[in-house]
Every structure is written in structure tokens, then in C-alpha cells.
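S.K.:
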Amino acid sequence: MNLDLIIIGGGPIGLACGLEAKKHGLNYVILEKGCLVNSLYRYPANMTFFSTSDRLEIGGVPFVSNNAKPTRPEALEYYRRVAFSYKLNIRLFEQVEAIERENGYSVRTLKGTYHAPRVIIATGFYDIPNLLNIPGEDLPKVTHYYQEPHFYAGMKVIVVGANNSSVDAALETYRKGAEVTMVIREGEIGRRVKYWVKPDIENRIAEGSIRAYFHSHLVAVRETEADIRTPDGLITIPNDFVVAATGYQPNFSFLEQAGITLSEDEKRYPTYDPDTQETNLPGLYLAGVVCGGMDTHVWFIENSRIHAEKIIGHILSQIQSA
Ligand SMILES: Cc1cc2nc3c(=O)[nH]c(=O)nc-3n(C[C@H](O)[C@H](O)[C@H](O)COP(=O)(O)OP(=O)(O)OC[C@H]3O[C@@H](n4cnc5c(N)ncnc54)[C@H](O)[C@@H]3O)c2cc1C
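Numbering (our numbering), first residue to last: 9 to 330.
(1) Where DSSP assigns a beta bridge to Val-229, which residues make up the other side?
(2) For ligand 2, is there a heavy atom less than 6 Å away from the beta-carbon of Pro-78?
(3) Do you know how far the Cα of Met-190 is from the Cα of Thr-232?
(4) Please tell me whether Ala-214 and Ile-192 are closer than 7 Å, where the distance is taken between their beta carbons.
(5) For Arg-199, count neighbouring Cβ atoms within 10 angstroms of its own Cβ and tell me buried if that reaches 16, exposed if not.
(6) Start and end of the beta strand (DSSP E) containing Ile-268?
(7) Smallest Cα separation from Asn-154: which of Ala-106, Ala-178, Ala-76, Leu-13?
(8) Which residue spans inside the region 32–84 form an unbroken alpha helix (DSSP H) run of at least 4?
(9) Let's test the definition: count the other Cβ atoms within 10 Å of the Cβ of Leu-39 and tell me whether it reaches 16, buried, or not, exposed.
(10) Is it true that the region 20–40 meets the region 57–66, where meeting means three or more beta-carbon pairs spaced less than 8 Å apart?
(11) List the endpoints of the continuous beta strand (DSSP E) containing Arg-193.
(12) Is any beta-carbon of chain B found at less than 7 Å from that of Asp-283?
(13) Could you name each continuous alpha helix (DSSP H) segment of 4 residues or more that falls completely within the region 107–164, going from the start of the chain to the end?
(14) Tell me which residue opens and which closes the alpha helix (DSSP H) that Ile-243 is part of.
(15) Out of Ala-53, Met-9, Ala-130, which has the shortest C-alpha to C-alpha gap to Pro-278?
(16) Can you determine whether any heavy atom of ligand 1 sits closer than 6 Å to the C-beta of Ala-130, and answer yes or no?
(17) Heavy atom of ligand 1 less than 6 Å from the Cβ of Asn-138, yes or no?
(18) Touching or not, the region 313–328 and the region 271–291, by the rule of three or more beta carbon pairs under 8 Å?
(19) With a cut-off of 8 Å on the beta carbons, I'd call Gly-300 and Ser-271 a contact; round off their distance for me.
(20) Does any heavy atom of ligand 1 sit closer than 6 Å to the C-beta of Gly-17?
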């Protein structure tokens, strides 16, 4: 293949880059390690997006949903229809192992090596959870990827965290008959929790249907119980399952291996020009939520889909001036 561009990641933003490249006649390939929009596929089954569907659209293709805010199945349907209707050149289940800089870029996957003068990294942040680093976190009863509530019916569940994912998991499992205890570092439910969900969780906690320990930390998990450090001291409660909704982080070693420099503070912001999305390496671009470093609440689909136009615009201007 004589490629102008390799796009790594077949999430919404990788697809947006593919659409924009195709629109302008660039020869591109999208390499995706899992299924199409792999992160969205692994989101909780019943999830409703906080964005309205028009803000999740890519390539100007209308996204029609039953209600203003689409569900996960509607989003999967939309991105699938876009990818196949526009015949995007995408290779699924092909993980990129390394990016080498040699006469342009060589991108190595388990199935082969691709060469192109330019690469876009749109790998998101959903593959690496922020660990609690506590004893027992590796037990099979602990998950960082909550899927759906039926599994937890009749069981004692600890939900760690107070943001959207934790609150959705707590409410859903409670409503399917789980005995839910929330362990929350802060003193309140997160301010970013969807405005139509926040009163629900606050009222369930106030009435005692869901137990919540604020200013508290889960410190150990064992087969049948767990330890929580609360302002009143260490307590041990019986426990069957733990949903640790503690957020995720980009694959920093992948970015560093490619030669992208990261800020030295704890945020680990990758270096890129916000006008063009080009990194410290010429022809190597970042798109989507991977741009935010540890600040994973800065970039979303709705405000990073614009990266596609910026990058392809920059590539076209470079080609024209060459
Ligand atoms: C529960 C939840 C709800 C959200 N709700 C909203 C919302 O309502 N509105 C909104 O705008 N945003 C929302 N977000 C954020 C949004 O989903 C992400 O911003 C979005 O997925 C970002 O798209 P992306 O293409 O940058 O990354 P991703 O969708 O994560 O796509 C990255 C892709 O890269 C692939 N990949 C990773 N490494 C490799 C590799 N080495 N080789 C090949 N492929 C690789 C992954 O498999 C993945 O498919 C939500 C996030 C979560 C977790």
C-alpha cells in the first residue's frame, strides 16, 4: 500500500480522521486493536451519553437517536453505519505494537508493518484503569469495567468513586437487588455527574437505600470482606464484588516509545501544537482524548472531533507547499 497516512485507533475520533482523509483523497488506513469503536463497545451496556447525539456526530453525518441523549447501542449503530457506508479503510483486531521513525514512519502490528510519511495516534484512554494499588485488587471479584447490573443481583457490592461511572453502577445494581456501599474519597457526589442522575443518587444515599462512606478509602479486599478507612476509623464489611470506577489513563509508554515528549508533572501532558495537533515529531499527530494526559475530563468526543479537520488541513497544506 502506498499510504499518505496511518491512523492508529478506530474510536470515534480515529474514524473522524479517516472520514476527513477520505474526503480529501488521501490514501489512509485505520488500524484498530479490537472491534470497531472498541472503547464504546466495552462501556456499560445500558449507558446513556451525557452529550446530545448531534454533538457526537462525525464527518457531518447526522446522528438520529430516540431521545436527545443517545444510548450506547444507538452510538454503536451510528458509528458502525458511518464506517461501513463510507467504506472506511479499517483493519480491525490489529494492534499496533510500535512506531519507528525511519524515512517517514513504520508502524508495526502483529500482522505486518505499514509505512507512511504521517501517523495519527487516536488511541484514547480506556485500556488502562487507574489502579487503587491495594491488596486484593487483582481478585476476580474486583472489576474496573462495569458492564451491567443483573450479575450483581442479591450480592453485596462496593462501588468506588463518585463520578458518572460509579453513580450509574451504584444506581443500576441497587435497582436490580444488590446491597450497595459507595466508598468516596471526596465529601460529596461529583459535580460532573449527569444533572438528571445526581438527585437520584443523593436521595438514595439520604434515605439509606445506598450506603455511602465519604472522605473514605477502600484499603483492602479479601474473598468475603473488605476494609474501608473512614473518618471514624477502619471498618470491615462483608463483600462479594467491587466495582472500582476510578478512571483510566492513556498508554503513556506507547506515546513515549513513539518519541513523543510528556510534561514532567503528574499530568503527563503530551507535547503537541494545538493549532495543528502535530507533536514534537514532524508528521506525527495526536487526536481525541489521548491528548489530555491524566486530565481525562478535558477532551470528549464532542470537543475533540474537530481534531480531524485540523490535522487533515495541516497535512494538505504541507503537501501543497512541498
Ligand atoms: C463511560 C463513558 C461515558 C462517556 N460519555 C461521553 C459523552 O457523553 N460525550 C462525549 O463527548 N464523550 C464521552 N465520553 C468520552 C468518550 O467516550 C471518549 O472521549 C471517546 O471514546 C473518545 O474517542 P477517541 O476516539 O479519542 O478514543 P476511544 O474511543 O477510546 O478510541 C481509541 C481506540 O484506539 C484503540 N487502540 C488503543 N491502542 C491501540 C493500539 N496500540 N493499536 C490499535 N488500536 C488501539 C482502542 O481499542 C480504541 O478503539 C465518555 C467516556 C466514558 C468512559
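Ideal Cβ positions, reconstructed from N, Cα and C, are used throughout, including at glycine.
M.R.: In this structure, then:
(1) Ala-234
(2) Annotation note on ligand 2: not contained in the displayed structure, which lists ligand 1 as its ligands.
(3) 17 Å
(4) no
(5) exposed
(6) Taken as a continuous stretch (DSSP letters only), Ile-268 belongs to no beta strand (DSSP E), as it is neither H nor E.
(7) Here residue 154 turns out to be Tyr, not Asn, going by the sequence shown. Tyr-154 has its Cα closest to that of Ala-178, out of Ala-106, Ala-178, Ala-76, Leu-13.
(8) 46–50
(9) buried
(10) yes
(11) Arg-193 -> no beta strand (DSSP E), and no H or E assigned at all.
(12) This model lacks chain B altogether, as it is built from one protein chain only.
(13) none
(14) Note, Ile-243: premise wrong, no alpha helix (DSSP H); beta strand (DSSP E) at 241–246.
(15) Ala-130
(16) yes
(17) no
(18) yes
(19) Actually they are not in contact, since the Cβ atoms of Gly-300 and Ser-271 sit about 11 Å apart, beyond 8 Å.
(20) yes
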